[in-house]
Each structure stands twice: as structure tokens, then as C-alpha cells.
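S.K.: 373 is the number that the working numbering gives to position 343 of the sequence shown; each next residue is one higher, with no gaps.
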Amino acid sequence: MIDEEVKKLINQETNRQRDGLELIPSENYVSRSVLEAMGSVFTNKYSEGYPGKRYYGGQEFTDQVENLAIERAKKLFRADHANVQPHSGAPANEAVYSAWLEPGDNVLAMDLSHGGHLTHGSPVTRSAHLYNFIRYKMKDVTTGEIDYEEMMQLALTHKPKLILVGFSSYPREIDYLKVAQIGKQVNALLVADIAHIAGLIAAGVLKNPLDFGFHVLTSTTHKTLRGPRGGLILSKGEVGNSLKASQKDIVNIPNLIDRAVFPGMQGGPHMHIIAAKAVAFFEAMQPEFVEYAKQIINNAATLAQELTDRKFKLITGGTSNHLILSDVYSSFNLSGDIVESTLDKIGLTLNKNVIPDDALPPFRPSGIRLGTPAVTTRGLKEKDMGLIAEWMKSAIDNHDNDSYLTSLKEEVKQFSTKFKLPSDLG
Ligand SMILES: Cc1ncc(COP(=O)(O)O)c(C=O)c1O
């Protein structure tokens, strides 16, 4: 039996993805192999526990597929340990907090308007009620340099148990070595949430925090890493050490994390997603993926320049990764939500975003955030970035002219449909 209603919606979503250009920096298009693994019979299986230590029988192949995912993840990120079970990025972060912290402990993390993610202690999250988040910021929003001196002072004053770096809207690279030196002074667990840049780190085009003394990486698998929607935790530490599994010692972090994920937070792992993670890690090990990651960065740098040429004011003056944050309010006197909905009308999808210390509220912020992972998967190159910037500028200039926007939408569609979706390619 076919569910015609859902089938129709899937077809409509496929067309939406094909007809427009996806510029949300946290989105991507997975390969057909990743899609097939997600749609596989592994979804039928309950596998509570870890390979070799499950609650139910029938685990011959689930154990193998989870071990494959674990080994590939460790290799890709030079980690001693990988937990591939977190259902997504938010539970991965929650698991690390609960593995290491006690209620009331201090955590030093990036200010949310300067780039940090909601799960880094936004007041609307459960973590913010349990732990005390202290904020560091950029010293200079025109260059993006983080105020490491302030970070050091905050660390010495508040003695955080955990220092967190990572972002969802910061276009520059973090000085992991400096953060690690600060962390050492106060004996903090050093955690990098690499959700946005995991693919760029895996490909070696951005630095890996584990190489600079960080203890833990949390991530999603569906952004630049181009895998299924899911989470991942990687760590340094001794896996077969002689400490009690619950002992809060930095070398024991792999055990603490495993216990925090299951049974601490989650029930049965999503084995079809873990199979798809294994496929994505395999794909990320191929030379083509390194080329892909380089192209993401080149496309983002070109797009940043093309936007600057058209009077878009960019926070930090440009980008060193895959994402761009623009203050459209000061550039064009339009708030981010208006720009987002205007561009939606022409088939360019991006999102409104707060800018550092935004004077406007989160649902009507000053900024927009965009990036190149998805359009790069689609096959767009540097030469195509000027076209995107030009469409953006023309749409903004004509944001109240619906017939003009309709004609632009047709132009975008004519262009976009020349580039196939990876799931079309087989
Ligand atoms: C840096 C960062 N961490 C965590 C998350 C949360 O991931 P998820 O939405 O998969 O729970 C995101 C998602 O946008 C993110 O950007």
C-alpha cells in the first residue's frame, strides 16, 4: 500500500530542493548510499548497549556496523574513542555535560550572539538550569579575533570545570592552542563542538582541536560532514584503563561519555542512522571529499567577496570557513527576517540570524547567515558565486516588487535545475 499523501509531500520537497539553491550553512545533500543506509532494515532492530554488550540478541550485524562506524570515526578525527549513538548534536552536547559536570558547575562558553549555539547554555535550555554558563566574546567583530585575555581572566576567576569552543555562526577559526593553554591553568575539560565544521576538519582543511590538547569533540554528522541527521562524540583518553567506569578523571572520559549516552540519556540506538554514519565516514575518507571541502572554502571566500562588492557588511570582514554572517540591517536597513523571506520567494534559502550584541530581537534580528556546503555538493564553483550575490542584491533592492521577484525565481530555477541532486545521481 502506498501513502499517497506522504509520497506527494516527499516529491514536493525533492522538487523544492532541486529548484532552488540551499544556502543554509548547516544543511547539505547526502549521497544515495547514505540515503539507502538510512532507509535500510537496520531500523527494525533494537540494540540497547554497545557492541559486544547488548541487552537483546540478534546483534551479529548491528555490532559489525556500529564497530565500523566507530573505527572509521576514530581514524577520520584521530581520536582514541568514538560514540556514534547520539541521536543528534543537542543530545551529544548534553551527554558530555552530564558525563563531566555536577549541577551548579561553571562552564566557560562562547557568547551566543557572538556565534555560540543554543545548546551552549541558552537560557531556554535545560543545561542552562543545571549549569552556570559564563561567556567569552570576540575582541573585535571586524576581524573576528576572540578576546583570549578576557577568556583567561574569566577562567581564573570562575574556575570552569569545562571550557567549550564551537559555534553555529562564527566565520573564523579558533586558536585551539591558546584555549588549551587557558584550560590547563584551571584543569578544565576542553570540549570543541565541531558540528558545523566537522567535514572541513575531517578533510584536513581546518585544524583538528584534538591535535592541540582538546579532550572531547562533539558533532553533528549532517552538516559539512554530509552524513545522516545525527550526533557524534569523539575523545582522547584511555579506553581500557583501570579506573572505575564512573570515576571523573580526564583519562576516563571515554567511559564517562559512553555511560552518559546510554543508559544515561538515550534508549535504543538508531542502527539505520549508525549504518548511514559509517557510510558517510567512508565517503569522507576519499580524496574527492578533500576536494569537496577545499571547494566549500573557496566558494565561501568568493561569495564573501562578491557580497562585499555589493555593499553587504560582513561580520568579521569575511570568512575562513564555510559560513558568512551579514549585518543586513546596517547594510540595507532591512531586518534579517525580511531578507530571509524575500530570498525564499526567489528560491534562495538562508536564515535570519542575530549579529554580535544585536540591538534587534532574535525573531527580527539584524543579520542573515549563509554558507556554501550544500551548493558545493550540488557542483557550484567560484564562477557561480557572483550570480548568487547578484540575485541576493537585486531581490533586496526590489523586496516589495512581487512580479520582479517571481521573474528572479524563474531565473534561479533555470540555473539550479542544471545541477542534479546527489540522490538523483545514483
Ligand atoms: C554548533 C552546533 N552544535 C549543536 C547543534 C545541535 O545539533 P542538532 O540540531 O542536530 O541537535 C547545532 C545545530 O545547529 C550546532 O550548530
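Where a beta carbon is used, it is the ideal one built from N, C-alpha and C, also for glycine.
Keep in mind that this is a model prediction, so the values were computed, not measured.
Can you list the beta strand (DSSP E) stretches of 3 or more residues lying completely in the segment 367–427, in chain order?
M.R.: Fully enclosed beta strand (DSSP E) runs of 3 or longer: 381–383, 397–401.
S.K.: Which residues in the same chain as Arg156 place their Cβ atom closer than 8 Å to its Cβ, once the five residues preceding and following it in sequence are excluded?
M.R.: Taking the first residue of the sequence shown as 1, we reach residue 156 at position 126. Excluding positions up to five away in sequence, the list reads Glu124.
S.K.: What are the boundary residues of the beta strand (DSSP E) that includes Ile263?
M.R.: Locating residue 263 in the sequence shown gives position 233, where the first residue counts as 1. Where Ile263 is concerned, the enclosing beta strand (DSSP E) stretches over 261–265.
S.K.: Contact between the segment 347–357 and the segment 213–230: three or more CB pairs below 8 Å?
M.R.: Because the criterion of three Cβ pairs below 8 Å is met, the segment 347–357 and the segment 213–230 touch.
S.K.: Starting from Arg62, trace the alpha helix (DSSP H) both ways and give me its first and last residue.
M.R.: Taking the first residue of the sequence shown as position 1, residue 62 is located at position 32. Where Arg62 is concerned, the enclosing alpha helix (DSSP H) stretches over 62–68.
S.K.: When you compare the CB positions of Tyr28 and Leu131, do they come within less than 8 Å of one another, or not?
M.R.: A query on residue 28 cannot be resolved here, the shown segment of the chain reaching from 31 to 456 and no further.
S.K.: Shorter than 7 Å, the distance from the beta carbon of Phe244 to the closest heavy atom of ligand 1, or not?
M.R.: Numbered from its first residue, the sequence shown carries residue 244 at position 214. Flag unset: Cβ of Phe244 not near ligand 1.
S.K.: To the nearest angstrom, how far is it from the Cα of Ser265 to the Cα of Ala129?
M.R.: Taking the sequence shown and counting its residues from 1, one reaches residue 265 at position 235. Taking the sequence shown and counting its residues from 1, one reaches residue 129 at position 99. Their backbone Cα atoms lie some 12 Å apart in a straight line.
S.K.: By alpha-carbon positions, which one of Gly174, Thr173, Leu184, Val154 ends up nearest to Arg165?
M.R.: Mapped onto the sequence shown, residue 165 falls at position 135. Here the closest residue by C-alpha is Leu184.
S.K.: Quick check on Ala389: buried or exposed, where buried means 16 or more other Cβ atoms within 10 Å of its Cβ?
M.R.: Locating residue 389 in the sequence shown gives position 359, counting from the first residue. Per the 10 Å Cβ criterion, exposed.
S.K.: Rounded to the nearest angstrom, what separates Asn329 and Pro116 at their Cα positions?
M.R.: One-based indexing of the sequence shown puts residue 329 at position 299. One-based indexing of the sequence shown puts residue 116 at position 86. Approximately 31 Å between the Cα atoms of the pair.
S.K.: Grouping DSSP H, G and I as helix and E and B as strand, with all else coil, what is Phe19?
M.R.: Summary: the structure shown does not reach residue 19, with the chain confined to residues 31 through 456, and so no result is reported for it.
S.K.: Shorter than 7 Å, the distance from the beta carbon of Ser118 to the closest heavy atom of ligand 1, or not?
M.R.: For the purposes of this step, residue 118 is taken as residue 88 along the sequence shown, with counting starting at 1. Yes.
S.K.: Hey, out of Arg62, Asp454, Glu35, Lys38, whose CA is closest to Gly257's CA?
M.R.: Looking up residue 257 in the sequence shown gives position 227. It is Arg62 whose Cα lies nearest to the Cα of Gly257.
S.K.: Can you name, in chain order, every residue of its own chain whose Cβ lies under 7 Å from the Cβ of Glu370, other than the five neighbours on each side?
M.R.: In the sequence shown, counting from the first residue as 1, residue 370 sits at position 340. Excluding residues within five positions, the ones whose Cβ falls inside 7 Å are Leu380, Asn381, Lys382, Ile398.
S.K.: Threshold first: 3 residues or longer. Then list the beta strand (DSSP E) segments lying entirely within the segment 185–212, N to C.
M.R.: If we require 3 residues or more, the beta strand (DSSP E) runs fully inside the segment 185–212 come out as 192–196.
S.K.: Does the separation of the CB atoms of Arg48 and Leu438 fall below 8 Å?
M.R.: One-based indexing of the sequence shown puts residue 48 at position 18. One-based indexing of the sequence shown puts residue 438 at position 408. In this structure, Leu438 does not lie closer than 8 Å to Arg48 by Cβ.
S.K.: Taking the alpha carbon of Gly50 as the point to measure from, which residue in Asp454, Lys448, Gly261 has its own alpha carbon closest?
M.R.: Locating residue 50 in the sequence shown gives position 20, where the first residue counts as 1. Minimum Cα distance to Gly50 is reached at Lys448.
S.K.: Taking only runs of the beta strand (DSSP E) that begin and end inside the segment 94–153, which ones reach a length of at least 3 residues, in chain order?
M.R.: Within the segment 94–153, the complete beta strand (DSSP E) runs of at least 3 residues are 111–113, 136–140.
S.K.: Which of helix, strand or coil does DSSP assign to Val246?
M.R.: The count along the sequence shown starts at 1 and reaches residue 246 at position 216. Of the three classes helix, strand and coil, the one that applies to Val246 here is strand, per DSSP.
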